[in-house]
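Counting in the working numbering, the sequence shown runs from 269 upward without gaps.
Ideal Cβ placement from N, Cα and C applies to all residues, glycine included.
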Amino acid sequence: MTEDREASIQSGIIIIDKPPGPTSHEVAAWVRDILGVRTGQGGTLDPMVSGILIVMLGKAAKIAEHLLAHDKEYICLLKLHGDVAEDEIREVISSFCGRIYQRPPRRSAVKRALRIRTIYAIEVLDIEGRLVLFRVRCEAGTYIRTLCVHIGLALGVRGQMVELRRTLSGGFGEADAHTLHELADAKAAADDGDPEPLKQMILPVERAVADLPSITVRSSAVDAICRGAQLAGAGVLSCTTFAKGDTVALMTGAGECIGLGTARIPSEKCVPGKHGFVARPQSILMEPGRYPRGWKKKSRIK
269 MTEDREASIQ
279 SGIIIIDKPP
289 GPTSHEVAAW
299 VRDILGVRTG
309 QGGTLDPMVS
319 GILIVMLGKA
329 AKIAEHLLAH
339 DKEYICLLKL
349 HGDVAEDEIR
359 EVISSFCGRI
369 YQRPPRRSAV
379 KRALRIRTIY
389 AIEVLDIEGR
399 LVLFRVRCEA
409 GTYIRTLCVH
419 IGLALGVRGQ
429 MVELRRTLSG
439 GFGEADAHTL
449 HELADAKAAA
459 DDGDPEPLKQ
469 MILPVERAVA
479 DLPSITVRSS
489 AVDAICRGAQ
499 LAGAGVLSCT
509 TFAKGDTVAL
519 MTGAGECIGL
529 GTARIPSEKC
539 VPGKHGFVAR
549 PQSILMEPGR
559 YPRGWKKKSR
569 IK
C-alpha cells in the first residue's frame with residue numbers, strides 16, 4: 269500500500285449503514301478493528317435504530333462537535349393505541365412542524381431538562397390501520413421516540429415508536445453509506461493490492477465541513493496556524509459570510525481543510541491583507557510541516 273493510501277486511511281470519514289441491534293459505539297469499534305485506526309462516531313443511534321452513522325477516522329475525530337450538530341432526517345413507524353381518521357392523523361402530525369418542547373426519555377443518558385427543538389419538515393408517507401409511516405427532518409438532539417409519544421397524546425389515543433431509520437445526517441445520505449460487510453471486503457481487497465474500493469468509501473474531511481462558512485488562508489500562513497497561531501488578516505485570501513463567534517472552516521487555496529476556527533470578527537470586517545486577528549484555531553487537522561514556514565522566529569537579543 270502506498271504512503272498516500274496509508275495517510276488517507278489515517279484521517280477521513282466513512283458513512284456506515286448501521287444495522288439494528290448493536291450500539292453506535294460497537295459499530296465504531298468494529299470499524300476501528302477492520303481498518304486498524306482510531307475512530308469516533310458522530311450522532312449516536314439507539315441499538316434498535318438503523319441508518320446513517322458517521323464514523324470519523326484518526327484526526328477527523330476532532331470535528332466531532334460539528335458533526336453532532338448536523339440536522340438529521342428519519343423515517344419512523346408509529347403505532348397508535350386507538351383508531352383515528354386518516355385526515356386527523358395527517359393534520360395533527362403536520363402541526364408538529366416548527367419549534368417544539370421536549371424532555372429526554374427516562375432511558376436517555378442526558379439530563380432530563382425541558383428543551384426546545386425545531387422540526388423543519390414532517391410528512392406522512394403511509395397509513396395502514398393504526399400504523400403510521402412518516403418522514404421527519406429535525407434539529408440535532410430531537411428525540412423521535414418522544415415525538416411519537418406527543419403525537420399519540422395529541423390524537424387522544426397514545427402512541428409509540430416501533431421502528432426508526434436515520435436517512436440523512438448533515439450532507440450525508442443513504443447513497444454515501446456502506447455496510448460493515450462491504451467495508452471488511454474493501455479492506456481485504458486493499459490488503460491484496462486493490463485499494464480502489466476502500467478509497468471510494470473513505471471520504472475526505474472536506475466533505476464534512478462543506479456546510480460551514482470558510483476562510484481561505486494564504487500558503488505562507490498555513491504552517492503557523494497548524495502550530496496554533498491565530499489567523500490575522502494578512503494571512504487571508506478570501507472568505508464567505510459569517511458572524512463573530514461562528515465556527516468557520518480554515519481552508520488552503522487548494523481546498524484542503526486545515527481545521528476549524530472561531531471567527532473573532534464578522535466577515536464584513538475581514539479584509540484580506542489588513543492587520544488584526546480574524547479567527548482563533550479551534551480544531552486543527554493538518555500536521556505542521558505540510559506547507560513551508562512563511563514566518564520567522566524573532567532573534568534573541570544578546
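The DSSP-derived three-state label of S482 is strand. For A517, the enclosing beta strand (DSSP E) stretches over residues T515 to T520. From the listed residues T307, P465 and L348, the smallest Cα separation to K330 is found for T307.
Note on the segment 292-331: whole beta strand (DSSP E) runs with a minimum of 3 residues are 307-310 and 318-326, in chain order. Burial state of Q468 is exposed, judged by a 10 Å Cβ sphere holding fewer than 16 other Cβ atoms. In the DSSP annotation of this structure, the continuous segment of the beta strand (DSSP E) that includes R434 starts and ends at G427 to S437. Nearest Cα to A531 within the set C494, G441 and S482: S482.
By the criterion of at least three beta-carbon pairs nearer than 8 Å, the segment 492-501 is not in contact with the segment 297-307.
Residue range R383 to E396 is occupied by the beta strand (DSSP E) that includes R385.
Residues I483, S535 and C538 of the same chain have their beta carbon placed closer than 6 Å to that of C507, with the five preceding and five following residues left out of the count.
Secondary structure of T508 (DSSP, three-state): coil. Contact between I533 and V485 does not hold, since their C-beta atoms are separated by about 15 Å, which reaches or exceeds 8 Å. In this structure, DSSP gives S363 a state outside helix and strand, which the three-state scheme calls coil.
Below 8 Å, too few C-beta pairs join the segment 318-329 and the segment 406-423 to call them touching: fewer than three. Separation of G350 and T515 (C-alpha to C-alpha, rounded to the nearest whole angstrom) is 47 Å. The Cβ atoms of L499 and G544 lie no closer than 8 Å to each other. According to the DSSP secondary-structure assignment, L345 is paired through a beta bridge with L401 and E431. DSSP places A547 in the strand class (E or B) of the three-state scheme. Secondary structure note for D459: its alpha helix (DSSP H) is the uninterrupted segment L448 to D459. Look at G409 here: in three-state DSSP terms it is coil, with no helix or strand label. Beta-carbon to beta-carbon, L348 and V430 are separated by about 10 Å, too far to satisfy the 8 Å threshold.
Take H449, set aside five residues on each side of it, and no residue of its chain has a beta-carbon closer than 6 Å to its own. Distance between G409 and A445, taken at the CA atoms: about 21 Å. For the pair V400 and A502, the Cα-to-Cα distance works out to about 57 Å. Nearest Cα to G310 within the set A353, S318, V323 and P472: V323. In the assembly as shown, P549 is a buried residue. Its beta-carbon has 16 or more other beta-carbons within 10 Å.
Distance from the CA of A458 to the CA of R558, rounded to the nearest whole angstrom, comes to 26 Å.
Residue pairing for D285: DSSP places it in a beta bridge opposite I320. Apart from sequence neighbours up to five positions away, the residues of its chain that approach T386 with a beta-carbon distance below 6 Å are R367 and E407, ordered along the chain.
Boundaries of the alpha helix (DSSP H) around C494: S487 to C494.
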